[in-house]
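Undergrad: Could you have a look at this structure, given as structure tokens, before my questions?
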């Protein structure tokens with residue numbers, strides 16, 4: 013009599029605890045989030061598809077406040093609304109129901125970049141390879157048309173920028 017409920021709970025539990033697959037399906041495209049408000053954090057986060065399908069993430073961010081850190085940055089679900097209110101970027105990109113507090117990289121939220129690669133103490137420049145984000149529009153981990161949001165240590169949002177595709181030849 014309880015078999016259907018048990019089957020449902022088993023499937024639901026497995027779905028809720030999905031381990032993120034490594035995307036490794038990105039074309040060799042370039043996407044960038046440009047922070048350009050001189051009164052806030054400014055600079056860029058660039059996402060470049062590599063030959064093996066993963067993504068090189070490079071950023072140069074500066075103009076952080078003197079207090080309120082360490083700072084977090086994440087890929088959020090939605091683009092920045094026209095009014096520029098970073099609350100409109102919604103939640104972190106999390107198609108596999110990852111947990112921001114999980115210590116394992118493959119069980120974190122897809123968009124939790126600072127959780128996977130480290131908090132920012134302030135002005136920062138860094139490059140690393142991410143295997144979970146995707147530049148493939150068919151992927152659940154696709155970041156095009158979304159945003160990068162920077163947070164204070166208390167989780168309040170202080171800057172955000174849309175992730176848009178750019179012509180790679182225009183960068184050189």
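In the working numbering, the protein residues as written are 13 to 184. Beta carbons are placed, not taken as given, at the ideal position from N, Cα and C, and that holds for glycine.
1) Among 166, 157 and 164, which residue has its Cα nearest to the Cα of residue 46?
2) Please report the straight-line C-alpha distance between residue 140 and residue 94, rounded to a whole angstrom.
3) Based on the DSSP output, what are the partners of residue 182 in its beta bridges?
4) Return yes when the Cβ of residue 133 is within less than 8 Å of the Cβ of residue 52, no when it is not.
5) Please classify residue 126: does DSSP put it in a helix, a strand, or coil?
6) Residue 101: which of 116, 74, 174 and 179 sits nearest, CA to CA?
7) Am I right that residue 112 and residue 121 are in contact with their C-beta atoms under 8 Å? What's the rounded C-beta distance?
8) Under the three-state reduction of DSSP, which class applies to residue 148: helix, strand or coil?
9) Which residue from 40, 128, 86 and 76 puts its Cα closest to that of residue 62?
10) Name the two residues that bound the continuous beta strand (DSSP E) containing residue 65.
TA: In terms of the structure at hand:
1) The count along the chain shown starts at 1 and reaches residue 46 at position 34. Cα-wise, what sits closest to residue 46 is 157.
2) As a working note, residue 140 is residue 128 in the chain shown. As a working note, residue 94 is residue 82 in the chain shown. Going from the Cα of residue 140 to the Cα of residue 94 covers about 31 Å.
3) As a working mapping, residue 182 is identified with position 170 in the chain shown. Paired residue(s): none; residue 182 is not in a bridge.
4) The sequence position of residue 52 within the chain shown is 40, counting from 1. The sequence position of residue 133 within the chain shown is 121, counting from 1. For residue 52 and residue 133, no; Cβs fall outside 8 Å.
5) Locating residue 126 in the chain shown gives position 114, where the first residue counts as 1. Note: residue 126 maps to helix in three-state DSSP.
6) Here residue 101 refers to the residue found at position 89 of the chain shown. Here the closest residue by C-alpha is 174.
7) Stepping through the chain shown from its first residue, residue 112 is reached at position 100. Stepping through the chain shown from its first residue, residue 121 is reached at position 109. 5 Å between Cβ atoms; contact.
8) Looking up residue 148 in the chain shown gives position 136. If DSSP states are grouped into helix, strand and coil, residue 148 belongs with coil.
9) The residue you call residue 62 lines up with position 50 of the chain shown. The shortest Cα separation from residue 62 among 40, 128, 86 and 76 belongs to 40.
10) The residue you call residue 65 lines up with position 53 of the chain shown. Segment: none, residue 65 is in no beta strand (DSSP E) and carries neither H nor E.
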